[in-house]
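*Asks:*
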Amino acid sequence: MNATPQLIGSSGDSLREAFGKSLVDLATRYPDFVVLDGDVAGGTGTHHFRKHYPARFYQCGIAEQNMVSMAAGMATCAMPVFVTTFAVFSLRAVEQVRLSVAYARRNVKIVASHPGLDVGPDGASAQCLEDLAIYRAIPGMVVLSPADPLEVAAATEAMLRYDGPVYMRSGRSPAQRIFETTPPFEIGKNRVLRTGSDVTLIACGKMTAQALAAADTLAKASISAEVINAASLKPFDHACLRTSVAKTGAVVSAEDHNVIGGLAGAVAESLAGGQPAPLETVGVRDTFGESGEPDQLNQKYGLTPAAIVAAAERVLARK
Amino acid sequence: MDLPQTELAVADLEKRALQARRLSLAMIYHAASGHPGGSLSAIDLLTVLYFQELKLTNAAFSNWKRPRFVLSKGHACPAHYAVAALAGLLPMRELNGLRKINRALQGHPHVGATPFVEASTGSLGQGFSIALGMAMGFRHRGENLPVYAMLGDGELQEGQVWETAMCAAHYRLNRFCAVIDYNKLQSDARNSEIMALEPLADKWRSFGWAVNEINGHDVPAIQQAFKTFAAETERPTVIIAHTVKGKGVGYMEDVPAWHGSVRLSDDNLIDALAACGVDRQGAAAYLSGAVFEEAQP
Ligand SMILES: Cc1ncc(C[n+]2csc(CCOP(=O)(O)OP(=O)(O)O)c2C)c(N)n1
Ligand SMILES: [Mg+2]
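Protein sequences appear in the order of chains A and B.
Once you know that position 251 of the first sequence is 251 in my numbering, the rest is easy, because the numbers rise by one and skip nothing.
Just remember that my numbering sits 319 ahead of the position in the second sequence, which is counted from 1.
#1: Note down, in chain order, all residues in the region 441-454 of chain B with a beta-carbon under 9 Å from any beta-carbon belonging to chain A.
#2: Excluding sequence positions up to five away, which residues of its chain have a Cβ less than 8 Å from the Cβ of A:PRO121?
#3: Roughly how many angstroms separate the alpha carbons of B:SER563 and A:ALA102, rounded to a whole number?
#4: CB-CB under 8 Å to B:GLU517, same chain, minus the five flanking residues each way: which ones, in chain order?
#5: Who are B:MET514's beta bridge partners in DSSP?
#6: Does the beta carbon of A:THR4 sit closer than 8 Å to a beta carbon anywhere in chain B?
#7: Say whether chain B places a C-beta atom closer than 8 Å to the C-beta of A:THR76.
#8: Please report the straight-line C-alpha distance between B:GLU482 and B:GLU551, rounded to a whole angstrom.
#9: Counting only the same chain and skipping the five closest in sequence on each side, list residues whose C-beta sits under 6 Å from that of B:ALA401.
#10: Do B:ASN382 and ligand 2 come close, with the Cβ less than 7 Å from some heavy atom?
#11: Can you check DSSP and say which residues form a bridge with A:ILE36?
#12: Is the Cβ of A:ALA63 closer than 8 Å to any Cβ of chain B?
#13: Determine the direct distance from the alpha carbon of B:TYR467 to that of B:VAL498, and round the result to whole angstroms.
#14: How about B:MET413 and B:ASN493: are their beta carbons less than 8 Å apart?
#15: Please tell me whether B:ALA549 and B:ILE533 are closer than 8 Å, where the distance is taken between their beta carbons.
#16: Closer than 7 Å to a non-hydrogen atom of ligand 1 - does that hold for the CB of A:ASN298?
#17: Apart from the five residues on each side of it in sequence, which residues of its chain come closer than 6 Å, Cβ to Cβ, to A:HIS47?
#18: Which residues mark the beginning and the end of the beta strand (DSSP E) in which A:MET168 is found?
#19: Return the chain-ordered list of same chain residues with a C-beta closer than 6 Å to the C-beta of B:ALA438, the five sequence neighbours on each side being excluded.
#20: Would you call the CB atoms of B:ALA404 and B:THR366 closer than 8 Å?
#21: Would you be able to state if there are at least three C-beta pairs under 8 Å between the region 10-23 of chain A and the region 419-432 of chain B?
#22: Using 8 Å as the cut-off, can you tell me whether the region 62-77 of chain A makes contact with the region 120-137 of chain A, which would need three or more C-beta pairs spanning the two stretches below that distance?
#23: With a threshold of 8 Å between beta-carbons, can A:SER90 be considered close to chain B, or not?
#24: Could you say if the region 563-578 of chain B and the region 306-315 of chain A meet the contact criterion of at least three C-beta pairs nearer than 8 Å?
#25: Considering just the uninterrupted stretch of the alpha helix (DSSP H) at A:CYS240, what are its terminal residues?
#26: Taking 7 Å as the cut-off, is the CB of B:ASN502 close to at least one heavy atom of ligand 2?
#27: For B:TRP528 and B:LEU470, what's the separation of their Cα atoms in angstroms?
Here it is as structure tokens:
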């Protein structure tokens, strides 16, 4: 039985819903993959897949360490395996990702919902501000953070075409739409969404939409901002950033993550390694979050277009 | 190297196990580090597994549809490597590269250069889950192949082991077999002093497993336990194999200090080989490494 094509990105879909629907859409063209869940299918979007393909959906219970290592074992039977949980609970099994999955180069895709302060009222215990840094540090891991529901769909297919371990962040809140149609997605390639000449704004996940809004504001002050969507944090697209910086000479990074080790880390490494330029970082400043609605948390912790604009002004002063 | 492996007599299996003991000791000697105690306790079980149950040839590894074995207690890999070499799955001369730079045999098992190593292990608790995944994968694909995992008794203290135990019973993986090398010792001391395991068989029974307790050095008992596993239709099987850490080398037996990682002196190796039926003259080839140049030492 084939499911009807899913409407992705309609009526304020979150990135996690987009992911769950993408799995359904990809199921017939990629008949081998299976999906593992740790009792959070309602939260990760995989309930869509469970409904249409129950025989390819495995419940693992609240046991993430076993789920991750088990995925590595299943992948040896010539099938890609999706491990799905909340970002913060995937951290329970980081050592399993490292040894069972990455060291053995197993075809396992870890897709985590509930990243960053976007988690909101559940508070700091459920908000994950460390995942991008941690997974980036594991040799051989691909790390993705798409920005829009249609980009999630494209990234999910790109993961299936790639034979190896991947970590991808989805998202909890209704996502702001960036793309009209499904964009091309290539692991290791980032894209300029808006061209500019004074400053480069590079962002991932939900912050890409904020960066585009910041660029609009900056334009009113006659500051021309180039916006890069860094959906591929690792491998990082050095050429894309360096080409932009050669033109602008100043960079702002923006992420719903600690400013240590995630996108800011990737950008700093890239700049220092090939195209030195001043960098200002927007993100959570090495602290835990707290309960509150995502919008309130974004205001309090500085994950807003206004915060990106302020960072752009600071970095321009350093040029 | 693809030797067809047919059913072997008990005496023949015991002879191969003795050869594997000698080779493991020589490997650890040449590596100047490694874990002899838990290698020696596992060798009889590994020998029966490879020569009677798995019967793999190198050709088998190009197809995912093959019976699987995962050494979850990865630090015992010298024993695994030695048995694999005797089974024709690894060139004998690779054994002298254990733990050495630019050589295949890593200090703990690693997927890659050695096809018979099915999982990268060494962090206790993970290999058992990886093996479970293989059994789940076979079930998903409609393959009726067995999957075996060997665990240490100390390893059972890892919470992940019990996550795996619960999952295997939930999915009724009757082709999944855990073999516990129950040598009563772990790294620093006895299990009972570090974190008690008993009543161990009851724990597994209560998790929904078929339990078989045997003497892990009694070859016919090991053979019988695998036969019982093969006939199981409902539940995963655990073979609780009572063993002696350091088995076969008197001065190492039941002594925590020989867990590892230890350096064996010339005299340590000579004494250990003597316990394994190799006299001083014969020991020369093990000390020099010449033994690794023989096709079937
Ligand atoms: C997760 C983890 N913690 C600690 C260690 C260090 N370590 C290596 S072997 C060992 C003792 C293992 O005891 P047991 O499982 O009984 O093995 P055996 O007696 O068969 O050698 C320890 C603590 C490890 N390898 N993995
Ligand atoms: Mg032990």
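For every residue, glycine included, the Cβ atom is placed at its ideal position computed from N, Cα and C.
*Replies:* Quick answer:
#1: GLY441, SER442, GLY444, GLN445, GLY446, PHE447, SER448, ILE449, ALA450, LEU451, GLY452, MET453, ALA454
#2: As a first step, residue 121 of chain A is located in the first sequence; it is residue number 121 there, counting from the start. So the list reads SER291, GLY292, GLU293, once near-sequence residues are dropped.
#3: On the second sequence, position 244 is the one that residue 563 of chain B refers to. On the first sequence, position 102 is the one that residue 102 of chain A refers to. Before going further, note that residue 563 of chain B is Val rather than Ser in the sequence given. Looking at the two C-alpha atoms, the distance is approximately 35 Å.
#4: On the second sequence, position 198 is the one that residue 517 of chain B refers to. Here the set comprises SER511.
#5: Numbered from its first residue, the second sequence carries residue 514 of chain B at position 195. DSSP, once it has assigned bridges, lists no residue as partnering B:MET514.
#6: Here residue 4 of chain A corresponds to residue number 4 of the first sequence, with the count starting at 1. Chain B, which has no Cβ nearer than 8 Å to the Cβ of A:THR4, makes this no.
#7: Along the first sequence, read from residue 1 onward, the residue named residue 76 of chain A stands at position 76. Chain B, which has a Cβ nearer than 8 Å to the Cβ of A:THR76, makes this yes.
#8: Position 163 of the second sequence holds residue 482 of chain B. Position 232 of the second sequence holds residue 551 of chain B. Near 22 Å, if we compare the C-alpha coordinates of B:GLU551 and B:GLU482.
#9: Taking the second sequence and counting its residues from 1, the one referred to as residue 401 of chain B is at position 82. So the list reads ALA339, LEU342, SER343, once near-sequence residues are dropped.
#10: Mapped onto the second sequence, residue 382 of chain B falls at position 63. Result no, Cβ not under 7 Å from ligand 2.
#11: Sequence index remark: in the first sequence, residue 36 of chain A carries index 36 (1-based). For the sequence presented, residue 36 of chain A should be read as Leu rather than Ile. Answer is A:TYR58, A:VAL83, bridged to A:LEU36.
#12: Numbered from 1 along the first sequence, position 63 holds the residue referred to as residue 63 of chain A. Yes, A:ALA63 counts as interfacial toward chain B.
#13: Working through the second sequence from its first residue, we reach residue 498 of chain B at position 179. Working through the second sequence from its first residue, we reach residue 467 of chain B at position 148. Roughly 7 Å separates the two Cα atoms.
#14: Here residue 413 of chain B refers to the residue found at position 94 of the second sequence. Here residue 493 of chain B refers to the residue found at position 174 of the second sequence. In the sequence on display, residue 413 of chain B carries Glu and not Met. No; because the gap between Cβ atoms is not below 8 Å, this pair is not in contact.
#15: As a working mapping, residue 549 of chain B is identified with position 230 in the second sequence. As a working mapping, residue 533 of chain B is identified with position 214 in the second sequence. No.
#16: As a working note, residue 298 of chain A is residue 298 in the first sequence. Incorrect: A:ASN298 has no Cβ contact closer than 7 Å to ligand 1.
#17: Counting from 1 along the first sequence, the entry for residue 47 of chain A is found at position 47. The answer, listed in chain order, is ALA41.
#18: By 1-based counting over the first sequence, the position of residue 168 of chain A is 168. Its beta strand (DSSP E) spans residues 166-169.
#19: Stepping through the second sequence from its first residue, residue 438 of chain B is reached at position 119. Closer than 6 Å at Cβ, skipping near neighbours: VAL389, GLY446, ILE449.
#20: Here residue 404 of chain B refers to the residue found at position 85 when the second sequence is read from its first residue. Here residue 366 of chain B refers to the residue found at position 47 when the second sequence is read from its first residue. Contact: no.
#21: no
#22: no
#23: In the first sequence, residue 90 of chain A corresponds to position 90, counting from 1. A:SER90 does not count as touching chain B.
#24: no
#25: Here residue 240 of chain A is taken as the residue at index 240 of the first sequence, counted from 1. Where A:CYS240 is concerned, the enclosing alpha helix (DSSP H) stretches over 238-248.
#26: Taking the second sequence and counting its residues from 1, one reaches residue 502 of chain B at position 183. The answer is yes for B:ASN502.
#27: To locate residue 528 of chain B, count along the second sequence from 1; it is residue 209. To locate residue 470 of chain B, count along the second sequence from 1; it is residue 151. In a straight line, the C-alpha of B:TRP528 is about 15 Å away from that of B:LEU470.
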